[in-house]
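In what follows, a structure is listed as structure tokens, so that the remarks can point back to it.
Number of protein chains: 4
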Amino acid sequence: MGMIGGGHSSFIGIVHRIASYIGEEYTLIGGAFDTDYERAQAFASKLELNPERTYPDIDTFITKETALPAHERIEAVVVVTPNFLHYPMAKQLIQAGFHVICEKPVTNTAAEAVELEELVAKHQIVFALTHTYTGYPMVRQMKTMIAEGVIGKIQRADAQYYQGWINPVIHDVEKRKTVWRLDPDKAGQSCCMGDIGVHAFNMIEYTTGLTTQKVLSDLNTLYNNNPLDVDGTALLRFDDEVRGMVRASQIATAEENNLCIAVYGTEGALKWEQENPNYLYHLREGHPINVLKPGNAYNGKMATEATKMPPGHPEGIFDSMANLYLGAAKAIRGEAYLKGAFPTIRDGVRGMKFIEATLASSKNGNVWTPIND
Amino acid sequence: MGMIGGGHSSFIGIVHRIASYIGEEYTLIGGAFDTDYERAQAFASKLELNPERTYPDIDTFITKETALPAHERIEAVVVVTPNFLHYPMAKQLIQAGFHVICEKPVTNTAAEAVELEELVAKHQIVFALTHTYTGYPMVRQMKTMIAEGVIGKIQRADAQYYQGWINPVIHDVEKRKTVWRLDPDKAGQSCCMGDIGVHAFNMIEYTTGLTTQKVLSDLNTLYNNNPLDVDGTALLRFDDEVRGMVRASQIATAEENNLCIAVYGTEGALKWEQENPNYLYHLREGHPINVLKPGNAYNGKMATEATKMPPGHPEGIFDSMANLYLGAAKAIRGEAYLKGAFPTIRDGVRGMKFIEATLASSKNGNVWTPIND
Amino acid sequence: MGMIGGGHSSFIGIVHRIASYIGEEYTLIGGAFDTDYERAQAFASKLELNPERTYPDIDTFITKETALPAHERIEAVVVVTPNFLHYPMAKQLIQAGFHVICEKPVTNTAAEAVELEELVAKHQIVFALTHTYTGYPMVRQMKTMIAEGVIGKIQRADAQYYQGWINPVIHDVEKRKTVWRLDPDKAGQSCCMGDIGVHAFNMIEYTTGLTTQKVLSDLNTLYNNNPLDVDGTALLRFDDEVRGMVRASQIATAEENNLCIAVYGTEGALKWEQENPNYLYHLREGHPINVLKPGNAYNGKMATEATKMPPGHPEGIFDSMANLYLGAAKAIRGEAYLKGAFPTIRDGVRGMKFIEATLASSKNGNVWTPIND
Amino acid sequence: MGMIGGGHSSFIGIVHRIASYIGEEYTLIGGAFDTDYERAQAFASKLELNPERTYPDIDTFITKETALPAHERIEAVVVVTPNFLHYPMAKQLIQAGFHVICEKPVTNTAAEAVELEELVAKHQIVFALTHTYTGYPMVRQMKTMIAEGVIGKIQRADAQYYQGWINPVIHDVEKRKTVWRLDPDKAGQSCCMGDIGVHAFNMIEYTTGLTTQKVLSDLNTLYNNNPLDVDGTALLRFDDEVRGMVRASQIATAEENNLCIAVYGTEGALKWEQENPNYLYHLREGHPINVLKPGNAYNGKMATEATKMPPGHPEGIFDSMANLYLGAAKAIRGEAYLKGAFPTIRDGVRGMKFIEATLASSKNGNVWTPIND
């Protein structure tokens, strides 16, 4: 496994490395860890990596690695650069035949995501997008149960992602400048929807298997002189009369990482919360509430494969991320794997289209805007 | 105290009587309990009431009671008839000078509510509307803390009211006929928003003191051949950039009575859930979560007056309703009482306007619709 | 219904009156409310009671009421005097043929309780002891499910009752003097076990139907110059190898009213907490946790009869107490009622024996001490 | 880092390897992974380890590794063999100068633990005992707050560890034979207290800093023909009048891994539950309940160092274990580390003495038994 970015004190680099270690399927061999080559080498040395496979940039990485014999060559590359570089770097890597594990957001625009999707198909590589929350066992159990019809035909699907971290800076124009997510040049088209709303959207499509047809959204910048959304709601319309909602906020003061989802069907409901990830609530008409927990034999294959410990031993967010790495490892080795074992470029395309439709809807006066596919 | 309706096996009659007993401020003297006079008398006899003050209809009730000397006359009348009769009966009672305690919905239309508001002012009577949930001590504490600025300036207010009870009937046209709430002739303009959405709306305006300027709503009947909404979302716009949301559903399968509210301000947040009414969550930036409970000295006057037991002794929904009766009793006796001690005709007017705006917005293509005042 | 004590500002008097009102089965007619007769009459006047049936003392109450014709006479009398008077007053009332509803503790000693039990049998009256917590619907559902064998053969039963209210006074000898419960002359043999430990013990025997054979206890006065226990643990031994525990504390600082019970059987477990009384947790080997709530059709008859509202409308501690009154009303009217509908003098005898055995065990060096029956 | 045991499909081996990876401070170099050398080599090959440093047994491991130059030699060795081998293997490793990271139980007897403690001191090595639960950030925060006097002087400390996994086998003599923990030859003196009770005991001494003076215990084998305890309670006596309790059960049917602790002091209380490890409840007299969560600036240094993610991103049991590895790494490198950063041989000695005292107390008729130090 190689890594582009993620060196030195990169927080997200650590997350990905830990996730890769947990499953014991990947070994970090080298990469282009830093734009400062000296710092990259210091970093590699600290991790006791081979200095010859620490490269100054992605071009050198690709040239040198592809020159190696196939069995020595790095197979999969993790892209954890700043957001706006995800697209060009992923593109180069795909075209050079590497499998790619890419941080979110996959690209800057939906068109770029579509382009990557075509390239992935053309070059026959595995592309994993790290929508971390889909790796939790109870999220996978939710997906399994919905697919098995346990809650019947879906009639409502809601997801929420509330955080408060923008609140301490949004009220002060000077402080805002310290936050790159509030700068359109660095963050792209959207702050709140692009960063967290898209996770909530992904959770809905991931767990339900539904395809959103159109959205009507109302985004809020809180202040006129703040160009990007920090809060917003998107009404969702699926097939027929089935409705849903994504609401996301970064000014939900003092909320930490409150992502949750509830799906209601004709036979019952399933509810899950990210901050208490090891509980899945199954509501059934006329029955007591059922609370499912990981590690139990009543869970399906997908949740079971995503659990390492016996019941009652809480696994956390690194374990969730590690499950995506495990899924991708199976795909890379050409083994069979369950659909949904890891998010793919398909999830990336859907997410970027959701973000663009949401922005358009809000800008155009809160009108229904299709998400074409 | 008198009662119109509520006799025999009326469930809502029991609720109101218990609420009136709990505070030991009201004594049930008589009423027009039933359209079947014989049954009304049997009922009165079971409660050991004076048979002479059990009347066959509201007209006789008013004629006979107003003929009594002032100190013997029934002072306050509880209206717990079928919904469509609330308006005409309340109107008669107000005009005859009785104080009125009225079940929700106050009227059939916003115009009727405005008319009652004018009559209440003209006749100088006390009019209490039983939005039951405003009586919970922790809801009152929430109102107090927001008014005191504990969470700063509000930037988002969300309320949700999810139930699942329509689900077992909505999928079967025959079964639907057994539910009067799904019949426009009996239920009026709206099922879901009129019955429960309006409670969520009231909770927001009650606790925050904000006035909603406009709504954009998306209501769902689930089936084309079902004329009334059973699910819906309303985006709210308050002053400036402050947003909120009411979402309500009666097809949130297997939900029982899941009313909850969360208000986010510049300094923190307050969250409350009806099914666990004795916990108020206060989130503050940079601090541990604070969980407030009734009966403690740290609560304000309004919550304290609404609590009878020491901490840790859970009071419930009858106690909440009883607090509205206690507030109205103070008003009737001409004593000082805290603003918000009981919902008034003002809440009725706001609620009916919300319902009508929500219906109009959805019908007109999900457009912003003002709630004039 | 009559009442001995409970007048003026008596807190416990209010609780009992509200409980009696809620079921609409009792009407307060008169009583000996206060040792200060003038204050008793003022109190009666405030409640609009007949002044002629407000008596200066229990002797007059008994003489005058028994002189009335049977159909006019007060049938049941509530004893809510200071603790040390429960025994003599209950005794007089039983001997005069009144049904008695008595606050806990039933007597000062186990011997007195046994004496009352014999008198109750002899005079064929109904004696209800208000162990309030047995009235909660989910406690009754727990009893029902255990009786039906849902959790198999019991192998462990634990109850805990933790409060912190003694903490602010126990550390200061002067402050202690303000608390009658810490004064052996007024409180009797025990503070913590007598006041709250006995509730926990009663919950175990009530829900499981088991009979405790012996106890080994370790009581704590915290300071040598404090004569009464404020904290303690009692190990319980039932038949065979089945064990359990009661732990109680009044120095569990900042705990409010944390009574909880967990019973483990060969097939599963049931867990309940008083501060969240509307949730019953049913753990089953190999299955998701089941959470039961009141008002649902899956509950048994006993829980169902103890619930007035539809699911999701939380009832509280007054409603729990009211269920005891309803059970006693059925017994008084001679109607059939479910076993366990209200605690009887039997519960009083068991409780007093538990308290005495617990005190003896601790005093005698933490040795096993039988609870004979 | 080397490893003794833990090869092939060893569950506990995986746990330790993951924990060592997470902190990026250890690299697995070699070991004696398996009694079957061929299988050991296959295992090493799968992990891409150097085959030359995969040894057939601990003697070869020690001989060969100590023959290497100091900078090449394995520094720390993880002991994850079957329980009865912990003592002899740890002893050999200590005597050979390796740092040791050892699974629990540290030895078979208290005397052996004392012997190891002396050897650790003599050989100046780092000895870490993996009492996993002490690595959770909120457990460390609890320790910090108690040490800082936040809850005042302790007056009660309770811990509980309930599991249900023995239940499906204990009732059937044949099935019992499949469980090595129920076999005195393999499990040692105790099943329940030795396996889980000791964790609860360790949590109390770890978080409070108190030293238990004596215990009175009541152990339960459930059946006469079952030689080892599967359930038990131990009353604890600390200095002065301070009491506490450890209760543990493996027949608490359907409980998963319900370890929890509550400590009450003169100023407040702290409560924590292993299955929801990211919440610490701080109860204070006269204040709302405070709920602390990891990653927040209000936490102390010890909790902060044990957290990698921002607030709201739940870390789990591997992260907890990883924190022990990080603490030991600092000690091994000779860096400063906070007291309590990892459990040491001291915790092992205390734990073994607790187990032996508990067994003796119960066997001798539930009498107070000192835990000498």
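Protein chains in written order, with the working numbering: chain A, 1 to 373; chain B, 1001 to 1373; chain C, 2001 to 2373; chain D, 3001 to 3373. Built from N, CA and C at the ideal position, the CB exists for glycine as well. Predicted model only: the values in this text are computed from it and were never measured.
Reduced DSSP category for residue i - H, G, I as helix; E, B as strand; rest coil
i, result
"G989(B)", "Because residue 989(B) is not part of the residues shown, which for chain B are 1001 to 1373, the question remains open."
"R1156(B)", "strand"
"G1312(B)", "coil"
"H1099(B)", "strand"
"L339(A)", "Sequence check: residue 339(A) is Lys here, not Leu. Coil."
"R284(A)", "strand"
"R3350(D)", "helix"
"F201(A)", "helix"
DSSP bridge partner residues for residue i (one or two, in chain order)
i, result
"Y3161(D)", "A3248(D), L3259(D)"
"M3(A)", "G31(A), V78(A)"
"D218(A)", "T233(A)"
"K2271(C)", "A2262(C), Y2281(C)"
"V376(A)", "For chain A, the structure presents residues 1 to 373; residue 376(A) sits outside this window and is missing."
"R3243(D)", "R3156(D), R3237(D)"
Cβ-Cβ distance between residue i and residue j below 8 Å
i, j, result
"K3091(D)", "L3116(D)", "yes"
"H2086(C)", "V2077(C)", "no"
"N257(A)", "E273(A)", "no"
"A3032(D)", "F3061(D)", "yes"
"V263(A)", "I151(A)", "yes"
"N278(A)", "P314(A)", "yes"
"T1109(B)", "M1352(B)", "yes"
"T2027(C)", "M2003(C)", "no"
"Q1213(B)", "I1371(B)", "yes"
Buried versus exposed, by CB contacts within 10 Å (16 or more), residue i
i, result
"E3148(D)", "exposed"
"D1036(B)", "exposed"
"T2211(C)", "exposed"
"L1093(B)", "buried"
"V173(A)", "exposed"
"K1363(B)", "exposed"
"L47(A)", "exposed"
"A159(A)", "buried"
"S2095(C)", "Checking the displayed sequence, the identity of residue 2095(C) turns out to be Gln instead of Ser. Q2095(C) comes out exposed."
"L1216(B)", "buried"
Contact with chain D by residue i, beta-carbon distance below 8 Å
i, result
"N1290(B)", "yes"
"N2366(C)", "yes"
Any chain A beta carbon closer than 8 Å to residue i
i, result
"Q1155(B)", "yes"
"A2282(C)", "The sequence shown places His at residue 2282(C), rather than the Ala named in the question. Chain A contact via Cβ: present."
"P1370(B)", "no"
"K3330(D)", "no"
Min CB distance residue i to chain C below 8 Å
i, result
"S3249(D)", "yes"
"L3270(D)", "no"
"H287(A)", "yes"
"A297(A)", "yes"
Closer than 8 Å to chain B by CB, residue i
i, result
"G3149(D)", "no"
"G2312(C)", "yes"
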